[in-house]
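Notes follow the structure.
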Amino acid sequence: NAGVMQNPRHLVRRRGQEARLRCSPMKGHSHVYWYRQLPEEGLKFMVYLQKENIIDESGMPKERFSAEFPKEGPSILRIQQVVRGDSAAYFCASSPLTRTGGDYGYTFGSGTRLTVV
Amino acid sequence: DQQVKQNSPSLSVQEGRISILNCDYTNSMFDYFLWYKKYPAEGPTFLISISSIKDKNEDGRFTVFLNKSAKHLSLHIVPSQPGDSAVYFCAAKAGNNRKLIWGLGTSLAVNP
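Quick note, the sequences are listed as chains A and B, same order.
Using the working numbering, you'd call the opening residue of the first sequence number 1 and step up by one each time.
Using the working numbering, you'd call the opening residue of the second sequence number 1001 and step up by one each time.
Right, dumping it as structure tokens:
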């Protein structure tokens, strides 16, 4: 399977617990992006990473959220002490290293639907 | 502040007819625009894009038109098919910035 793989597809957490969302980019893609879609809204950029490097985290909430893309393994979006407002669909996308970036659109995974109860 | 606006939340079209989805933007720094299609419980799928140096890009049944002076773009689907029923998102980016700014989407229903 050459697509962007996200897991889990569905995640239920109680308030105060931690949520870990994983994303494996397409083979050959060196860039990973995380987006969040709240109910009835469009996607909002959260963070853009390369291997071992955060390039742009301007969309990340200042507290409780962190992201990493280690040298080996998937990218992880971590949400500590989740609250009900974190309930959303979290999408990961990947793209290759191109000169202009994203000429042909990013490839998205199927998303992780986080529900905080 | 919504920099990319899709003012029609929904659109209903008969099979075989043209679907026209509209998108307006406010940021004059945007120079690349993309359309994505999204089915429920799936991630967005890239459909077609256009650079600001062009005013039209065509791919099969899908054509995107860009009017820079009006800061407006539209996606035309001809002929529309029931399988086109989905939510369509317009997105934009500026320069070498890799992050996409998204509209809220338009839900298209193509009726047989």
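Using N, Cα and C, we set each Cβ at its ideal position, and we do this for glycine too.
Going by the CB atoms, is the gap between S30 of chain A and K44 of chain A shorter than 8 Å? Position 44 of the first sequence holds residue 44 of chain A. Position 30 of the first sequence holds residue 30 of chain A. Contact: no.
Out of B:P1112, B:K1071, B:L1104, point me to the one whose CA is closest to E41 of chain A's CA. Counting from 1 along the first sequence, the entry for residue 41 of chain A is found at position 41. Of the listed residues, the one whose Cα sits closest to E41 of chain A is B:L1104.
Return the chain-ordered ranges of every beta strand (DSSP E) run that is complete within the segment 67–106 of chain A and spans a minimum of 3 residues. Under the rule that a run must span 3 or more residues, the beta strand (DSSP E) segments found entirely inside the segment 67–106 of chain A read 75–79, 88–95.
If we call anything under 8 Å between Cβ atoms a contact, is V1078 of chain B one with T1106 of chain B? Taking the second sequence and counting its residues from 1, one reaches residue 1078 of chain B at position 78. Taking the second sequence and counting its residues from 1, one reaches residue 1106 of chain B at position 106. Result no, Cβ atoms of V1078 of chain B and T1106 of chain B do not sit closer than 8 Å.
Expressed to the nearest angstrom, what Euclidean distance is found between the alpha-carbon atoms of M46 of chain A and V1064 of chain B? What you label residue 46 of chain A is simply residue 46 of the first sequence in a count that begins at 1. What you label residue 1064 of chain B is simply residue 64 of the second sequence in a count that begins at 1. So the alpha carbons of these two residues sit roughly 27 Å apart.
Look at the Cβ atom of A1109 of chain B, then the Cβ atom of I1101 of chain B, and state whether they are nearer than 8 Å. For this step, residue 1109 of chain B is matched to residue 109 along the second sequence. For this step, residue 1101 of chain B is matched to residue 101 along the second sequence. Not in contact: A1109 of chain B and I1101 of chain B (Cβ atoms no closer than 8 Å).
Taking only the alpha-carbon atoms, compute the straight-line gap between H1076 of chain B and E1058 of chain B and give it to the nearest angstrom. In the second sequence, residue 1076 of chain B corresponds to position 76, counting from 1. In the second sequence, residue 1058 of chain B corresponds to position 58, counting from 1. Answer to the nearest angstrom: the Cα atoms are 9 Å apart.
What's the gap between the Cα of E57 of chain A and the Cα of E18 of chain A? The residue you call residue 57 of chain A lines up with position 57 of the first sequence. The residue you call residue 18 of chain A lines up with position 18 of the first sequence. Approximately 20 Å, taken between the alpha carbons.
Looking only at DSSP bridge pairs, what is Q118 of chain A linked to? Residue 118 of chain A is absent from the model: chain A starts at 1 and stops at 117.
Is it the case that the CB of Q37 of chain A approaches a heavy atom of the ligand SAM more closely than 7 Å? Absence of the ligand SAM is noted for the structure shown, with no ligands found whatsoever.
Taking the alpha-carbon of F1046 of chain B as reference, which of A:V117, A:S110, A:V116, A:D86 has the nearest alpha-carbon? Here residue 1046 of chain B is taken as the residue at index 46 of the second sequence, counted from 1. The shortest Cα separation from F1046 of chain B among A:V117, A:S110, A:V116, A:D86 belongs to A:S110.
CA nearest to the CA of G1095 of chain B, picked from B:V1013, B:M1029, B:Q1002, B:S1010: Residue 1095 of chain B sits at position 95 when you count from the first residue of the second sequence. The alpha carbon of G1095 of chain B has as its nearest neighbour, out of B:V1013, B:M1029, B:Q1002, B:S1010, the alpha carbon of B:M1029.
List the residues of chain A whose Cβ lies closer than 8 Å to the Cβ of R1098 of chain B, in chain order. Translated into positions along the second sequence, residue 1098 of chain B becomes position 98. What R1098 of chain B touches in chain A: H31, Y33, Y48, I55, D56, S95, G101, G102.
Strictly under 8 Å for the Cβ-Cβ distance: is L1104 of chain B near chain A by that measure? Numbered from its first residue, the second sequence carries residue 1104 of chain B at position 104. True, the Cβ-Cβ gap to chain A drops below 8 Å.
In whole angstroms, what separates the C-alpha of N1 of chain A from that of N1027 of chain B? By one-based count along the first sequence, residue 1 of chain A stands at place 1. By one-based count along the second sequence, residue 1027 of chain B stands at place 27. Low confidence applies here, because N1 of chain A scores a pLDDT of 48, under 50, leaving its location unreliable; read the following figure in that light. Approximately 38 Å between the Cα atoms of the pair.
Could you pull out every residue in the same chain whose Cβ sits closer than 7 Å to the Cβ of V116 of chain A, ignoring the five residues on either side in sequence? If you number the first sequence from 1, residue 116 of chain A lands on position 116. Correct list, in chain order: R13, R15, V82, V83, R84, D86, S87.
Using a Cβ-Cβ distance under 8 Å, would L1034 of chain B count as near chain A? The count along the second sequence starts at 1 and reaches residue 1034 of chain B at position 34. Proximity of L1034 of chain B to chain A, defined by a Cβ-Cβ separation below 8 Å, is satisfied.
Please check if any C-beta of chain A sits within less than 8 Å of the C-beta of S1049 of chain B. Walking along the second sequence from the start, residue 1049 of chain B turns up at place 49. So yes, S1049 of chain B belongs to the interface.
Extent of the continuous beta strand (DSSP E) run through Y1025 of chain B: The count along the second sequence starts at 1 and reaches residue 1025 of chain B at position 25. Annotation for Y1025 of chain B: the continuous beta strand (DSSP E) segment containing it runs 1019–1025.
So which of A:Y33, A:R20, A:M60 has the shortest CA-CA distance to V4 of chain A? Against the first sequence, residue 4 of chain A aligns to sequence position 4. The option with the nearest alpha carbon to V4 of chain A is A:Y33.
CB contact below 8 Å: G1043 of chain B versus chain A: Here residue 1043 of chain B is taken as the residue at index 43 of the second sequence, counted from 1. Using beta-carbon distances, G1043 of chain B counts as an interface residue toward chain A, with a partner under 8 Å.
Three-state secondary structure (DSSP) at D1084 of chain B? Start at 1 with the first residue of the second sequence, and residue 1084 of chain B comes out as number 84. Reduced to three states, the DSSP call for D1084 of chain B is helix.
8 Å is my cut-off, CB to CB: does F108 of chain A come that close to chain B? Counted from its first residue, the first sequence places residue 108 of chain A at position 108. The beta-carbon of F108 of chain A is placed less than 8 Å from the nearest beta-carbon of chain B.
Beta-carbon of F1089 of chain B versus every beta-carbon of chain A: anything under 8 Å? Along the second sequence, read from residue 1 onward, the residue named residue 1089 of chain B stands at position 89. It does; some Cβ of chain A falls within 8 Å.
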